[in-house]
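Okay, structure first, notes after.
Numbering (the numbering used here), first residue to last: 290 to 434.
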């Protein structure tokens, strides 16, 4: 009875938020992300969530990086204004913010990437400019002149 009572209880592991503070992430604004987490966690009274300014998380160039443990949820290219969404939905509501997940870890199809529409619009505009440029060059060469 004693062992059954002791070992049947789920082990509670505190949730930790690691915000990379290495050189590349700092250049991309991880200081502001860390400060926003501190402010938001204290405002939401999320005392059971531990916040840590971590060293390099090994994803340089994709930062600022945030890792939530023990569930191993990665967020990339974070900015301070997005922190409140993660705190409310993921840390307090137990639902990861799918459109912010780091696709290299969690795969594609987790929702629309935040800035993908602009990337496609710019790529399309460059393609059209290239095609128009070729048409002008070819059109300027007449075989009949």
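Backbone N, C-alpha and C define an ideal beta-carbon position, used for all residues, glycine too.
Give me whichever residues DSSP pairs with residue 358 in a beta bridge. 305
Can you tell me the Cβ-Cβ gap for residue 372 and residue 378, rounded? I've got them flagged as a contact below 8 Å. Actually they are not in contact, since the Cβ atoms of residue 372 and residue 378 sit about 11 Å apart, beyond 8 Å.
Reduced DSSP secondary structure (H/G/I, E/B, other) of residue 388: helix
Identify, in the order they occur along the chain, each residue of the same chain with its Cβ nearer than 8 Å to the Cβ of residue 347, setting aside the five sequence neighbours on each side. none
Helix, strand or coil for residue 343 per DSSP? strand
Proximity to residue 389 [Cα-Cα], best of 345, 363 and 325: 363
Those residues which DSSP pairs with residue 363 across a bridge: 356
Assuming residue 303 and residue 339 make a contact with CB atoms under 8 Å, what is their CB distance in whole Å? 5 Å
Alpha carbon to alpha carbon, what distance is there between residue 301 and residue 468? Since the first and last residues shown for the chain are 290 and 434, residue 468 lies out of range.
Using the Cα positions of residue 312 and residue 357, report the straight-line distance between them to the nearest angstrom. 20 Å
Local Cβ density within 10 Å of residue 353, reported as buried at 16 or more and exposed below that: buried
Would you give the residue range spanned by the alpha helix (DSSP H) that residue 321 belongs to? 319–332
Nearest neighbour of residue 349, chosen from 361, 380, 359 and 391 [CA to CA]: 391
Just to confirm my understanding: we take residue 399, look at its own chain, exclude 5 residues before and 5 after, and list those with CB closer than 6 Å. What are they? Only weak support exists for where residue 399 lies, its pLDDT of 46 falling under 50; the coordinates are left without a value.
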